[in-house]
Amino acid sequence: MSEKKMWGGRFAERTAASMEAYSESVSFDWRLYREDIRGSQAHARMLAKQGFLTAGEAETIVKGLDTVREEIESGTFEWKVEMEDVHMNIESRLTEIIGPLGGKLHTARSRNDQVALGFRLHVANRLSEWRRLLQAVVAEFAAQAEAHAETLLPGCTHFQPAQPVSLAHHLLAYCQMFMRDAERVEDCLKRVRVSPLGAAALAGTTHPVDPQAVCDDLGLDRIFSNSMDAVSDRDFVLEALFCGSLVMAHLSRFCEEVIIWANPNFGFVKLPDAYSTGSSIMPQKKNPDACEIMRGKTGRVYGSLMSMLTVIKGLPMTYNRDLQEDKEPFFDADRTVRMSLEVMAGMLPGLSFIPERMAATMKKGFLNATELADYLAAKGIPFREAHHITGAAVAHAEAAGKGLEEFSLAELQQFSAAVEEDVFEVLGYDAAVRRRTSPGGTGPESVAGQLAAVRAWLA
Ligand code: ARG
1250 MSEKKMWGGR FAERTAASME AYSESVSFDW RLYREDIRGS QAHARMLAKQ
1300 GFLTAGEAET IVKGLDTVRE EIESGTFEWK VEMEDVHMNI ESRLTEIIGP
1350 LGGKLHTARS RNDQVALGFR LHVANRLSEW RRLLQAVVAE FAAQAEAHAE
1400 TLLPGCTHFQ PAQPVSLAHH LLAYCQMFMR DAERVEDCLK RVRVSPLGAA
1450 ALAGTTHPVD PQAVCDDLGL DRIFSNSMDA VSDRDFVLEA LFCGSLVMAH
1500 LSRFCEEVII WANPNFGFVK LPDAYSTGSS IMPQKKNPDA CEIMRGKTGR
1550 VYGSLMSMLT VIKGLPMTYN RDLQEDKEPF FDADRTVRMS LEVMAGMLPG
1600 LSFIPERMAA TMKKGFLNAT ELADYLAAKG IPFREAHHIT GAAVAHAEAA
1650 GKGLEEFSLA ELQQFSAAVE EDVFEVLGYD AAVRRRTSPG GTGPESVAGQ
1700 LAAVRAWLA
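Just add 1249 to wherever you are in the sequence shown, counting from 1, and you've got the working numbering.
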C-alpha cells in the first residue's frame, strides 16, 4: 500500500496489512458495480441540475463511469483491496480516467447513503428475479395438478393415512404457498425501492440536493423521510431474507415429500434421471439428491436471516461498519433461492406420479373410515357413536386383512343396523373425494376452481 487512502488526510500511519484484509469488502461487494455506477450517474446528473456541476462536467462523469463499467465487464479492471470497497475502487478509477473532476462526484454524498442506494437497487433487482422464478414454479405445480385431477392420493395428518384427496388438490396447496411467497416479495419490494441518496453521512447536507430527482432518474418508488434512518436501516435486507427463508421452507417441505414418495416402500413417484444421482457402490440406487440438497440448503438461508438479525440488534444509530456484514449473507441467500427455484421448476415436469401405487395404499390405511362414520351420522346416529361403531369395524377389517368396502352388507350390518345397501356408494375412495363439495375442499369443482384461479394469477 503506497497510495494514500481516500479518507487518509488525517492519518500518519499506514493501515496494518491484517486490518486491510479484515476490513476490505471489495472481494464480495464488487457485485454491486452496476448499481453503484447507476447511482453515481444519477447523482452526477442531479448535481448538474442543481447547478453544482456544469452539464458538460456531468456528461464527462457519466461517460467516465460508462468506461469503468466496460472495463469491469471486459475483465480489464483492476480491483484493489487497498481501495476497500466497490465504491472507492470505482471512484478512484474514474478519477484516473477523467482527472480531478472525478473528485467532485462525491459532493453532497457519503458512502453511507451511497452503499444503501446501491444495495437497495441490487436487492430490488434480485427480488424481481425471485418473483419471476416463483411464477415459473407455480406454473409447473399447476401443470402437474391439471394432469392429476383424477389421481387419488392418500391424504395424511400426523403423517398417518387420513382421507383420500386428489393429487391435484395436494399440488395446488403448494401453488397457494408459492403464490403467497410471490406476493410477499412484491410487497417487500415496496420498501426496498426507496432512494436513500441525499441522506449523506447521517444528517443530510448543506448542499442543495434534490433526492426526488435521483429517485425519478433511477425509477425508484419514493425517497427516504429521515436521513438517520436512511443510512442505518437494513429492514429491507431482513425482509428479503425472510421472504427467501419462507420460499426455502416451502420448497423443502415439498422436497421432503418427494423423498418419501420416491422411496420404493411408497413408490408414489418416479424421479427424472436428470435430477437424481446413482450410488457409487449400490448399483440399484437412484437417489433424490436434488431434493436433499434443497432441503439442506434451506438452513443456509435461515442462517443468513439469523446472521442479519444479530448484526442489527445492538447497533446504535446510525451507520456502523457492522452493516457491511449485510452483503455476504444476502448474496449467498440470493444464489441459493434462485438456484433452488430454478431446479424445482426444472424438476417438476419430470416427476412421474404412479396412481396405482397411491391407490393401493388406500385400503391399508382405511381411508374411507370417515365416510362410514359420516354415513351412519347421516342416518341419525350421533357422530360420537358412529365414530365408535366405525372404529370397531376397522379393527375387524384389520384383523381380516381387508378394506371396509370388502365387507358384505350383512357383515357391515353386524356393526350397525342402520347400514343399508347404499353404504357402498360412499365407501368408494373416489366417492370420498367426489363428495367433498365444501368450498376449498378436495372435490372436483373446488379443484377446478382453484386451478382456474391459479391460471388467472399467472396471467
Ligand atoms: N463498504 C461499506 C459497507 O458496505 C461502505 C460504507 C462505508 N462507510 C463508511 N463510513 N466507512 O457498508
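Where a beta carbon is used, it is the ideal one built from N, C-alpha and C, also for glycine.
- Inclusion of residue 1480 and residue 1423 in the CB contact set at 8 Å is not warranted, their separation being larger than that value.
- Relative to the ligand ARG, the beta carbon of residue 1402 is positioned no closer than 7 Å to any heavy atom.
- At a cut-off of 4 residues, the continuous stretches assigned as alpha helix (DSSP H) that sit fully inside the segment 1294-1325 are 1304-1323.
- As the crow flies, the alpha-carbon of residue 1347 is around 6 Å from that of residue 1313.
- Counting C-beta pairs with one atom in each stretch, the segment 1538-1551 and the segment 1581-1595 have three or more that are closer than 8 Å, which means they touch.
- In this structure, residue 1636 sits near residue 1622, with a CB-CB distance shorter than 8 Å.
- The distance from the Cβ of residue 1440 to that of residue 1488 is about 7 Å, consistent with a contact at the 8 Å cut-off.
- Fewer than three Cβ pairs drawn from the segment 1524-1531 and the segment 1461-1478 lie within less than 8 Å of each other, which leaves the two stretches out of contact.
- Of the residues assessed, residue 1371 falls on the buried side of the cut-off, its CB having 16 or more other CB atoms within 10 angstroms.
- Between the segment 1305-1321 and the segment 1277-1294, the count of C-beta pairs closer than 8 Å reaches three or more; the two stretches touch.
- In the three-state reduction of the DSSP assignment, residue 1260 falls in the coil class, being assigned neither a helical nor a strand state.
- In its chain, beyond the 5 residues on either side, 1557, 1560, 1561, 1572, 1575 have a beta carbon closer than 8 Å to the beta carbon of residue 1483.
- As DSSP reads the structure, residue 1404 sits in a beta bridge with 1412.
- Residue 1508 is a Cβ neighbour of residue 1541, given a cutoff of 8 Å.
- With distances taken between CA atoms, residue 1460 lies nearest to 1363 out of 1385, 1383, 1642, 1363.
- The beta carbon of residue 1462 is closer than 7 Å to those of 1295, 1298 in its chain, skipping five residues each way along the sequence.
- Per DSSP, the unbroken alpha helix (DSSP H) holding residue 1374 starts and ends at 1360-1396.
- Going by beta carbons, residue 1684 and residue 1379 fall outside the 8 Å limit.
- The closest CA to that of residue 1608, considering only 1677, 1344, 1701, 1669, is found on 1677.
- As a beta-bridge residue in DSSP terms, residue 1526 pairs with 1536.
- The set of residues with a C-beta under 7 Å from any non-hydrogen atom of the ligand ARG comprises 1274, 1278, 1333, 1334, 1336, 1359, 1360, 1361, 1364, 1568, 1570, 1572, 1573, 1576, given in chain order.
- Judged by DSSP secondary structure, residue 1653 falls outside any alpha helix (DSSP H); it is assigned neither H nor E.
- Excluding its 5 nearest sequence neighbours in each direction, residue 1407 has no C-beta neighbour in its own chain below 8 Å.
- Excluding residues up to 5 positions away in sequence, 1632, 1635 lie with their Cβ nearer than 7 Å to the Cβ of residue 1626 in the same chain.
- Cβ contact annotation for residue 1696 (same chain, cutoff 7 Å, sequence separation greater than five): 1398, 1415, 1417, 1418, 1421, in chain order.
- For residue 1686, there is no enclosing alpha helix (DSSP H), as DSSP gives it neither H nor E.
- Cβ atoms of residue 1386 and residue 1328 stay farther apart than 8 Å, at about 36 Å.
- Residue 1323 is classed as exposed because its beta carbon has fewer than 16 other beta carbons within 10 Å across all chains shown.
- Straight-line measurement puts the Cα of residue 1495 at about 25 Å from the Cα of residue 1518.
- In this structure, residue 1544 lies near residue 1504, with their beta-carbon atoms less than 8 Å apart.
- With a contact defined as Cβ atoms closer than 8 Å, residue 1445 and residue 1366 qualify at about 6 Å.
- Here residue 1444 carries a strand assignment [DSSP, helix/strand/coil].
- Separation of residue 1466 and residue 1546 (C-alpha to C-alpha, rounded to the nearest whole angstrom) is 38 Å.
- Around residue 1485, the same chain offers 1369, 1372, 1440, 1441 as residues with beta carbons nearer than 7 Å, after the five sequence neighbours per side are excluded.
- Residue pairing by DSSP puts residue 1471 in a beta bridge opposite 1443.
- Residue 1409 is not a Cβ neighbour of residue 1681, given a cutoff of 8 Å.
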